[in-house]
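Participant:
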Amino acid sequence: MSVSVVTVYHSGYGHTAVVAEAVNAGVSCVEGVEAILLDASELNTPDAPGLALLDNADGLIFGAPTYMGSASAVFKGFMEATSSRWMEQKWANKVAGGFTNSGAMNGDKQNTLVEFMTFAMQHSMIWVGLGQMPGNNHSGGSENDANRLGATIGCMTQANVDQAGDVAPPQSDRDTATAFGVRMAESVKRWGR
Ligand SMILES: Cc1cc2nc3c(=O)[nH]c(=O)nc-3n(C[C@H](O)[C@H](O)[C@H](O)COP(=O)(O)O)c2cc1C
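Note that my numbering has the sequence shown beginning at 1, numbered continuously upward.
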């Protein structure tokens, strides 16, 4: 039986879109998993047609840039548009995870991931973290390491603010995101509805 995983993301300037594509590519690598990528800006009203895809999915992945230390306002518009589904607990027991991208190495990305996790808990979903050891944390490490930002509760990536999405975030972050997508897809197969 196949399962589906929807990645919902927002990207103002293209960096998080690159990460979303990397995550989605990882999801699609896993046999028996349908990968669907949706733009949160088209899901900001309760009657947005695309929300039906989320209703029917087995797993959901949330992604947004960190703006002013939290998820972007556009992504929060999507979050708030789900409140009627929360009332019904319609998404209970779906598997969930999240990712965020920002300009600074730290940049308060943790707060955005905590927001996503809290959102998933409000919906009674099952949260899956990054599942990768920290990279770039020893004398032989480098920025080319997977999980170079040392994230745990979700996937973090960093894009230099003067570079466009063709080069930022770097390949190591894209690889980290793809591995996260694989983990999410395998988690959905194991624990999803
Ligand atoms: C309104 C705004 C607020 C931002 N706030 C932060 C922040 O709190 N921390 C940070 O590291 N970068 C911050 N940035 C930089 C973005 O996170 C960064 O440029 C990111 O790559 C944008 O992703 P996007 O291209 O998907 O929109 C901010 C950018 C904007 C436009």
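A virtual CB, placed ideally from N, CA and C, is assigned to each residue, including glycine.
Computed from a predicted model, the values in this text were never measured in an experiment.
Under 8 angstroms Cβ to Cβ from residue 89, same chain only, skipping five residues before and after it: list those, please.
Facilitator: Counting only Cβ-Cβ distances below 8 angstroms, and skipping sequence neighbours, we find 123, 124.
Participant: Measure from the alpha carbon of residue 21 to the alpha carbon of each residue in 56, 73, 178, then state which is nearest.
Facilitator: When only C-alpha atoms are compared, the closest one is 178.
Participant: Within the same chain, show all residues whose beta-carbon is closer than 8 angstroms to that of residue 92, passing over the 5 residues directly before and after it, in chain order.
Facilitator: These residues qualify, in order along the chain: 123, 124, 125.
Participant: Can you tell which of 83, 150, 34 has the C-alpha that lies nearest to the C-alpha of residue 182?
Facilitator: Nearest of 83, 150, 34 to residue 182, Cα basis: 34.
Participant: Which word fits residue 163, buried or exposed, when buried means at least 16 other C-beta atoms lie within 10 angstroms of its C-beta?
Facilitator: Burial call: exposed.
Participant: Could you tell me whether the Cβ atoms of residue 180 and residue 59 are closer together than 8 angstroms?
Facilitator: No, Cβ-Cβ distance for residue 180 and residue 59 is not below 8 angstroms.
Participant: Looking at the structure shown, is residue 73 part of a helix, part of a strand, or coil, going by DSSP?
Facilitator: The answer is helix: DSSP assigns residue 73 an H, G or I state.
Participant: Can you check whether the C-beta of residue 153 is within less than 8 angstroms of a C-beta belonging to chain C?
Facilitator: Protein chain content of the structure displayed is limited to a single chain, and chain C is not contained in it.
Participant: Excluding five sequence neighbours on each side, which residues of the same chain lie with their C-beta closer than 7 angstroms to the C-beta of residue 188?
Facilitator: Around residue 188: 3, 5, 33, 58, 59, 95.
Participant: Got a sec, what are the start and stop residues for the alpha helix (DSSP H) residue 173 sits in?
Facilitator: 171-191 is the span of the alpha helix (DSSP H), which, as asked, contains residue 173.
Participant: Any heavy atom of ligand 1 closer than 7 angstroms to the CB of residue 24?
Facilitator: No.
Participant: Please confirm whether residue 107 and residue 152 have their CB atoms less than 8 angstroms apart.
Facilitator: Not a contact, by the Cβ cut-off of 8 angstroms.
Participant: Taking 8 angstroms as the threshold, find out whether the segment 100-118 comes into contact with the segment 139-146 through three or more Cβ pairs.
Facilitator: At 8 angstroms Cβ cutoff, the stretches do not touch.
Participant: Can you tell me whether residue 86 is helix, strand or coil according to DSSP?
Facilitator: Three-state result, residue 86: helix.
Participant: Using the Cβ count rule (16 or more neighbours within 10 Å means buried), how would you classify residue 80?
Facilitator: Answer is exposed; the Cβ neighbour count stays below 16.
Participant: Exposed or buried, residue 74, counting other C-beta atoms within 10 Å across all chains shown (16 or more means buried)?
Facilitator: So residue 74 counts as buried.
Participant: Give me whichever residues DSSP pairs with residue 127 in a beta bridge.
Facilitator: 96.
Participant: When DSSP labels each residue in this structure, what does residue 121 get in the three-state scheme?
Facilitator: In the structure shown, residue 121 sits in a helix (DSSP, three-state: H, G or I).
Participant: Go to residue 26, then tell me how far its alpha helix (DSSP H) extends in each direction, as first and last residue.
Facilitator: Note, residue 26: alpha helix (DSSP H), 15-29.
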